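Quick notes on the structure that follows.
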Amino acid sequence: MVKLLLYYCWLIKLIAISFLAFVLLLKIVVLLWWKPRRIEHHFARQGIRGPPYRIFIGNVKELVEMMLKASSQPMPFSHNILPRVLSFYHHWKKIYGTTFLVWFGPTVRLTLSDPDLIQEIFTSKSEFYEKIEAHPLVKQLEGDGLLSLKGEKWAHHRKIITPTFHMENLKLLVPVVAKSVMDMLEPWYSTMSDSDEVEIEVSEWFQTLTEEVITRTAFGSSYEDGKAIFRLQAQQMVLAAVAFQRVLIPGYRFFPTKRNVNSWRLDREISKSLMKLIERRRENSSNKTRHHGPKDLLGLMIQASNSSSDHVTVHDIVEECKSFFFAGKQTTSNLLTWTTVLLAMHPQWQVQAREEVSRVCGSRGIPTKDDVAKLKTVKPPPPLKDLDKIHAACLHCASLFLQTKK
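Once you know that position 126 of the sequence shown is 126 in the UniProt record's numbering, the rest is easy, because the numbers rise by one and skip nothing.
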């Protein structure tokens with residue numbers, strides 16, 4: 001009788017384990033095979049196709065191979081940069097049209113390029129299109145700030161940070177930016193030869209310039225305070241680039257592998273450096289002269305954290321700082337570098353820009369806040385609606401290209 005009871009208990013356990021294993025297997029099949037096939041058929045009925053889905057890896061392997069191949073080849077001086085920066089899109093667009101599907105593992109992305117449709121998505125129907133979920137290591141790098149937040153928390157943070165970018169406040173930052181630029185130009189002048197020519201790797205100089213301007217204008221600190229953070233984020237970017245070339249296995253980032261341990265260490269050091277920056281700023285917040293200067297990102301976030309109604313924690317401030325340190329540097333320095341390349345390709349634009357700056361700024365040569373509005377040829381682009389969503393999408397494209405930085 002006892003043996004029979006033990007047998008039945010063992011049988012029940014076996015059935016329970018088998019049932020759980022079956023349910024788990026069924027969920028894996030649904031996630032990795034049935035759901036992707038269903039999505040493919042749904043879009044195929046609308047005439048939208050794409051490269052075939054491969055179980056577990058999607059199109060990641062082909063995508064990375066195309067981008068590595070494109071980045072290894074010399075690029076001609078041309079405005080046709082699409083084959084270089086988004087080689088997968090350039091290739092698949094010719095096969096599947098301007099709108100097609102791309103698979104990142106079992107996650108699908110609808111790729112489109114129709115300007116009217118994009119405008120409609122970012123304006124009238126933006127509530128139906130949430131920001132893409134970045135790779136965990138990329139998200140760790142860029143921080144859980146305004147670029148990745150959603151819903152009420154995103155709206156709350158945007159409301160706090162917005163005064164930093166009001167035109168009147170930006171005008172107060174012009175002297176700070178101008179001084180940083182002049183400091184950069186001094187060594188250029190000193191290295192010039194008798195022919196008034198010098199060869200310079202402008203991308204490296206623009207990265208340093210952008211780091212300095214961000215540290216001064218967004219955080220009210222010296223460049224030395226931010227240098228360590230930028231250096232640590234550069235190391236994080238290399239790890240993110242390597243990780244992005246591999247298929248994302250759920251939960252793998254929690255295993256204590258050598259790469260994960262290194263990533264955790266870098267994240268702790270960045271957070272520690274930012275905490276020091278925040279605490280130093282808190283200590284100096286009693287300086288009344290600060291209230292007469294421009295509002296900066298860190299000051300507004302600290303002010304919000306001191307208010308009982310704003311619900312902004314120190315962790316929120318750290319994550320927002322990560323976003324601005326990383327995203328601000330990469331996008332701005334790349335823009336300055338590409339602008340310089342375009343000016344070199346079109347000398348007539350240089351002539352127009354010099355003539356306008358000389359006419360508006362006069363002999364002093366440095367524009368003031370009142371001169372900015374008078375510059376027509378040398379002028380900033382118009383503001384874009386839902387810029388942070390566009391910025392997040394651009395960062396995702398940049399994360400695809402990170403492996404070429406190695």
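Here a beta-carbon is modelled for each residue, glycine too, at the ideal position from N, C-alpha and C.
It should be emphasised that the depicted structure is a prediction, and the values quoted were computed from it without experimental measurement.
query                                                                                                                                                             : result
Return helix, strand or coil for Thr208, following the three-state DSSP convention.                                                                               : helix
Pick from Lys179, Leu146, Pro163 and Trp338: whose alpha carbon is nearest that of Thr368?                                                                        : Lys179
Buried or exposed: which applies to Met75, given that a residue is buried once 16 or more other Cβ atoms fall within 10 Å of its Cβ?                              : exposed
Pull up the distance between the alpha-carbon of Leu232 and that of Phe255, whole angstroms please.                                                               : 22 Å
Can we say the segment 134 to 143 touches the segment 319 to 337, given the rule of at least three CB pairs closer than 8 Å?                                      : yes
CA-CA distance, Trp10 and Ala16?                                                                                                                                  : 10 Å
With DSSP as the reference, please indicate the residues paired to Arg109 in a beta bridge.                                                                       : Val102
Assuming Val176 contacts Thr217 (C-beta within less than 8 Å), just tell me the rounded distance between them.                                                    : 6 Å
Across which residues does DSSP place Gly58 in a beta bridge pair?                                                                                                : Phe104
Can you give me the start and stop residues for the alpha helix (DSSP H) that Ser190 sits inside?                                                                 : Val174 to Ser190
Which ranges does the alpha helix (DSSP H) cover as unbroken runs of at least 4 residues, wholly within the segment 56 to 90, from first to last along the chain? : 60 to 72 and 82 to 85
By the 10 Å Cβ neighbour count, where 16 or more other Cβ atoms means buried, how is Tyr8 classified, buried or exposed?                                          : exposed
CA-CA distance, Leu209 and Leu239?                                                                                                                                : 24 Å
Just to confirm, is the Cβ distance from Met66 to His91 under 8 Å?                                                                                                : yes
Taking 7 Å as the limit between beta carbons, can you name the residues of its chain near Asn260, skipping five residues before and five after?                   : Arg253
Helix, strand or coil for Phe401 per DSSP?                                                                                                                        : A caution first: Phe401 carries a pLDDT of 40, below 50, which makes its placement in the model too unreliable to give a value.
Answer yes or no: do Ser333 and Gln207 have a C-beta to C-beta separation smaller than 8 Å?                                                                       : yes
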